[in-house]
Amino acid sequence: MLRRVSGCLVLALATAATGVFAEDIEGLYRPPGSNWSCDIVDLGMDGGALGFIDNTFYGVENACDVISAVPDGDWTALRLACAGEGETYYDAFRVRKIDGGLEFDREGNRFVWESCARGSTVLAEGGSETRNRGWTASFGQGWLEFATRDDLGNEIILACNTGGFPLEHAGSIFVRIAGRPVPPGPIVFSVDGQRMTYEADREGGVTIMDCRVCLDNFNHLLEKIAAGQKLTIIPSGGGSVSFSLRGSRRAIGRYPACPGPG
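If you use mature numbering (1 follows the signal peptide of the UniProt record, and there is no 0), the sequence shown corresponds to residues -22 to -1, 1 to 240, in order.
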């Protein structure tokens, strides 16, 4: 059985009275007491993580776009458009955040998902509202760096080697979430819902080796960031962080593609 479910979703709905209703239910989940994997690499696999990401609910054998989210007491009533067997169908249920996870209500049948992060959050208060500072570009000792950070200890630095040392490294991606470097393991970079998966080969992030495919993939990620609106990062083991990409084109677009050290 294919299980596609994932890491991060903020539900936001315009209302006549308040303009926007938002509830943060982003995160990786699994059935309580199960030994299902919480690694993002197992997302969509049998026994893999469940969850939400970028306004998409990844359910059993399907992926559904959240098309409405309406407050219903302490619940949120969701309506979803799902793709299956070449056609679109619609689904609806209620969900609410509880201690340690999520509770669902589908026509009176209730079930619970346990948070892989045990209910902790690394997102800024306010859900999808990103609060990072502007994107910057800096150069020194043969390395060009593009970076942004916020006041909550979240940070990303994308570095391009233009002739510095070590020569076998074409670039790197450093990510800190809630003041801590991300752990080794699979890490997903989602730009406006389009995902790229890397392997964090060290604490803190990814080393981009000096190979043509490695550079092409890195430059593709830089292009997406420069052209996008929001970057969501999901490291191994749960948790996530989102950054606004406002100003990223101004920082990154001034420079040609990362050439590598050669």
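The C-beta atom is built at its ideal place from N, Cα and C for all residues, glycine as well.
Would a C-beta distance cut-off of 8 angstroms place G183 and V153 closer than the cut-off? Taking the first residue of the sequence shown as position 1, residue 183 is located at position 205. Taking the first residue of the sequence shown as position 1, residue 153 is located at position 175. Yes, Cβ-Cβ distance for G183 and V153 is below 8 angstroms.
Distance between G26 and W91 (C-alpha atoms, nearest Å): Along the sequence shown, read from residue 1 onward, the residue named residue 91 stands at position 113. Along the sequence shown, read from residue 1 onward, the residue named residue 26 stands at position 48. Answer to the nearest angstrom: the Cα atoms are 13 angstroms apart.
Strand pairing of R180, partner residues [DSSP]: In the sequence shown, residue 180 corresponds to position 202, counting from 1. According to DSSP, which records beta bridges pairwise, R180 is partnered with G183.
Under 7 angstroms from any heavy atom of the ligand ZN, does the C-beta of T140 make it? This structure simply doesn't include the ligand ZN, nor any ligand for that matter.
In angstroms with no decimal places, state the Cα-to-Cα distance between C189 and A148. As a working note, residue 189 is residue 211 in the sequence shown. As a working note, residue 148 is residue 170 in the sequence shown. Rounded to the nearest angstrom, the two C-alpha atoms are 8 angstroms apart.
Taking the alpha-carbon positions, what's the N110 to Y68 distance? Here residue 110 is taken as the residue at index 132 of the sequence shown, counted from 1. Here residue 68 is taken as the residue at index 90 of the sequence shown, counted from 1. In a straight line, the C-alpha of N110 is about 35 angstroms away from that of Y68.
What residues match up with N87 in a beta bridge as DSSP calls it? Position 109 of the sequence shown, counting from 1, holds the residue named residue 87. Looking at the DSSP assignment, N87 forms a beta bridge with R84.
Please go through the same chain and pick out, in chain order, the residues whose beta-carbon is closer than 7 angstroms to the beta-carbon of G238, but skip the five residues on each side of it. On the sequence shown, residue 238 is found 260 positions in, with the first residue counted as 1. These residues qualify, in order along the chain: N139, A148, D188, L193.
Throw me the rounded Cβ distance for the E4 and I31 pair, which I believe falls under 8 angstroms. Taking the first residue of the sequence shown as 1, we reach residue 4 at position 26. Taking the first residue of the sequence shown as 1, we reach residue 31 at position 53. Indeed, because the Cβ distance is near 7 angstroms, the residues count as touching under 8 angstroms.
Measuring alpha carbon to alpha carbon, tell me which of F117, A229, W121, I155 ends up nearest G131. Sequence index remark: in the sequence shown, residue 131 carries index 153 (1-based). Checking every option, the nearest Cα to that of G131 belongs to I155.
Does DSSP put A229 in a helix, in a strand, or in coil? Looking up residue 229 in the sequence shown gives position 251. Reduced to three states, the DSSP call for A229 is helix.
What residues in its chain sit with their C-beta under 6 angstroms from that of G112, if we drop five residues either side in the sequence? To locate residue 112, count along the sequence shown from 1; it is residue 134. If we look at G112 and ignore the five residues flanking it on each side, its Cβ neighbours are G225.
Look at the alpha carbon of C42 and the alpha carbon of L56, and state the distance between them as a whole number of angstroms. The residue labelled residue 42 in the question sits at position 64 within the sequence shown. The residue labelled residue 56 in the question sits at position 78 within the sequence shown. Straight-line Cα distance between these residues: approximately 11 angstroms.
Straight-line Cα distance separating Q172 from E65: Sequence index remark: in the sequence shown, residue 65 carries index 87 (1-based). Sequence index remark: in the sequence shown, residue 172 carries index 194 (1-based). Cα-Cα distance, rounded: 21 angstroms.
With R72 and D50 assumed to form a contact (beta carbons below 8 angstroms), what rounded beta-carbon distance in angstroms separates them? Translated into the one-based positions of the sequence shown, residue 72 becomes position 94. Translated into the one-based positions of the sequence shown, residue 50 becomes position 72. Sure, about 6 angstroms apart at Cβ, within 8 angstroms.
For the beta strand (DSSP E) containing A27, list its first residue and its last residue. In the sequence shown, the residue the question calls residue 27 occupies position 49. Where A27 is concerned, there is no enclosing beta strand (DSSP E), given that its DSSP letter is neither H nor E.
List the residues that DSSP assigns as beta-bridge partners of C69. If you number the sequence shown from 1, residue 69 lands on position 91. The sequence shown places Asp at residue 69, not Cys. For D69, which the question treats as bridged, DSSP gives the partners L58.
Looking only at C-alpha atoms, which of A178, D170, A61, Q207 sits nearest to P161? The sequence position of residue 161 within the sequence shown is 183, counting from 1. Of the candidates A178, D170, A61, Q207, the one whose C-alpha sits nearest the C-alpha of P161 is A178.
According to the neighbour-count rule (16 or more other Cβ atoms, all chains shown, within 10 Å of its Cβ), is P213 buried or exposed? Here the question's residue 213 lines up with position 235 in the sequence shown. Per the 10 Å Cβ criterion, buried.
By Cβ distance below 7 angstroms, which residues in the same chain neighbour L199 in space, the five residues on each side in sequence not counted? Taking the first residue of the sequence shown as position 1, residue 199 is located at position 221. Contacts found: F167, M174.
Name the one or two DSSP bridge partners that A115 has. By 1-based counting over the sequence shown, the position of residue 115 is 137. Its beta-bridge partners are F124.
Leaving out five residues before and five after A204 in sequence, what residues of the same chain have Cβ atoms less than 7 angstroms from its Cβ? What you label residue 204 is simply residue 226 of the sequence shown in a count that begins at 1. Excluding positions up to five away in sequence, the list reads S226, R227, I230, G231.
Can you tell me where the alpha helix (DSSP H) holding F196 begins and where it ends? Position 218 of the sequence shown, counting from 1, holds the residue named residue 196. Run containing F196: 190 to 205, per the alpha helix (DSSP H) assignment.
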